[in-house]
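Note that the numbering used here has the sequence shown beginning at 4, numbered continuously upward. Beta carbons are placed, not taken as given, at the ideal position from N, Cα and C, and that holds for glycine.
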Amino acid sequence: MPHALITGITGQDGLYLGELLIDKGYEVFGLVRGQSNPKVAMVEKTLPGVRLLEGDLTDLPSLIGAVEIAQPDEVYNLGAISFVGLSWRQAELTGETTGIGVLRMLEAIRIVTSDEMGRIRFYQASSSEMFGKVRETPQRETTAFHPRSPYGVAKTFGHYITVNYRESYGAHAVSGILFNHESPRRGVEFVTRKISRGVARIALGAQEKIALGNLEARRDWGFAGDYVDAMWRMLQRDTADDYVVATGETHSVRELLDTAFSHVGIDDWSPYVVQDPRFLRPAEVDVLVGDASKARDLLGWRPAVGFRTLVEMMVNADLAAVRSELDREDATLRGDAAQRA
Ligand code: NAP
Ligand code: G4F
4 MPHALITGIT GQDGLYLGEL LIDKGYEVFG LVRGQSNPKV AMVEKTLPGV RLLEGDLTDL
64 PSLIGAVEIA QPDEVYNLGA ISFVGLSWRQ AELTGETTGI GVLRMLEAIR IVTSDEMGRI
124 RFYQASSSEM FGKVRETPQR ETTAFHPRSP YGVAKTFGHY ITVNYRESYG AHAVSGILFN
184 HESPRRGVEF VTRKISRGVA RIALGAQEKI ALGNLEARRD WGFAGDYVDA MWRMLQRDTA
244 DDYVVATGET HSVRELLDTA FSHVGIDDWS PYVVQDPRFL RPAEVDVLVG DASKARDLLG
304 WRPAVGFRTL VEMMVNADLA AVRSELDRED ATLRGDAAQR A
């Protein structure tokens, strides 16, 4: 049975990847940080059989310990401060976790394998945010980087240190340059989920408006379930390399609003959306669109879920979740009223 160690197991991609690897017959180990991480119960429920190990990307000894216990054939380094907006406010922490954290994970593998790094295959979760102020469109593996946020700068370090360990120590280290990917498991701070949840709450009468920043930004949005399959495919090749993973389509935040609101029968969303300067960024990435032909040709990877299906899937999931929340609130209010009567 192959062993896999996933950092970032509590995140969107960690959960989908854990499910995929368990289905494929892997023993899955997940790194969990903090002394009482509230997401542990959710991970154990979603991934029965997963073995959780304590560790933090800012703490090398804990990473060495995790690699020693897991004895992994494959390490997927998904852990990061991943919210671009936060990275300006906590730039040093982002550099330590999202950037130097990659170096620490590679060092843990180097130390545990006594310099025979090729024994453990390593996946680094690189990002289209590295392209930033884009030099060409669509962006591909050879496109120059111009990151626009502390997060993008940290990811660029993580990408290059992965390539460097491959070239310096023979590490089987792969960098997946993934464009935005979303799902009902996406954190509520990201724009797709903020909109899908806001639209569901507005449709059910629980919220009046959604406050947003730049509506003109364009992203290449795919489905996270498709993208973790690309990660696994990258590590199955005998040659370590870098791959862009994207749908090849770009849409604006405005188009995202059109699609999400029209799904609940609202054609004119202007009364429900306000622009709030708090959500504008000091430097913006205006447009991203990826060329994933290398992943298609060498990995046989193609996205299965398109933009409209993705948005509708997220709105449907949020409609169901918000309905349950409102039902629970009603039941509590009825209980309180009965006690007072
Ligand atoms: P996510 O949902 O934000 O998950 C991030 C994970 O990192 C969480 O499990 C978090 O743990 C963990 N983490 C944070 N700080 C850590 C630390 N100091 N030590 C160990 N773990 C730590 O992100 P995601 O969307 O699944 O993305 C997975 C990876 O792909 C990230 O590296 C992200 O930057 C990258 N990426 C994502 C996208 C995308 O569109 N989703 C695109 C390109 C690249 P807690 O739960 O304890 O906070
Ligand atoms: O959903 P976002 O916060 O995602 P962003 O910044 O593109 O980053 C995500 O994708 C990267 C890959 O390219 C990952 F590496 C990264 O970890 C993360 O998963 O914002 C998308 C766009 C931005 O242009 C932002 O300015 O939406 C715009 N936006 C407009 N109003 C907003 C809002 N973003 C957020 N989060 N919240 C708003 O209210």
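Residue state for A7 is assigned as strand, using DSSP reduced to three classes. Secondary-structure assignment with DSSP links L215 through a beta bridge to Q278. G104 is the residue among K48, G104, P51 whose C-alpha sits nearest the C-alpha of S65. Taking C-alpha positions only, A7 is separated from S327 by approximately 35 Å.
When the alpha-carbon of V248 is set against those of R143, I205, R257, Q342, the nearest one is in R143. A contact between stretches requires three or more CB pairs, one per stretch, nearer than 8 Å, and the region 87 to 103 fails this requirement with the region 36 to 46. Annotation: the continuous beta strand (DSSP E) that includes F32 extends over 30 to 35.
Proximity to R305 across F282, E192, T250 peaks at T250, based on C-alpha coordinates. With a beta-carbon spacing of about 6 Å, V35 and E57 fall inside the 8 Å limit used to define contacts.
Membership of Q239 in the alpha helix (DSSP H) is indicated by the continuous run 227 to 239. Going by DSSP, A128 is part of the beta strand (DSSP E) stretching over 124 to 130. Counting every other CB atom within 10 Å of its CB across the protein chains shown gives K48 a total below 16, marking it as exposed. Counting the other CB atoms within 10 Å of its CB gives G228 a total of 16 or more, which places it among the buried residues. In its chain, beyond the 5 residues on either side, L20, Y79, Y126, G179 have a beta carbon closer than 7 Å to the beta carbon of M234. Within the same chain, Y275 come within 6 Å of I205 by CB-CB distance, once the 5 residues on both sides are set aside.
At a Cβ-Cβ threshold of 8 Å, R151 and A286 count as neighbours. Counting only runs of 4+ residues, the alpha helix (DSSP H) found wholly inside the region 246 to 306 occupies 256 to 266, in chain order. Residue G293 holds the alpha-carbon nearest to the alpha-carbon of N183 among M237, L238, G293, V115. Under the criterion of beta carbons closer than 8 Å, D279 and L336 do not qualify as touching, at roughly 31 Å.
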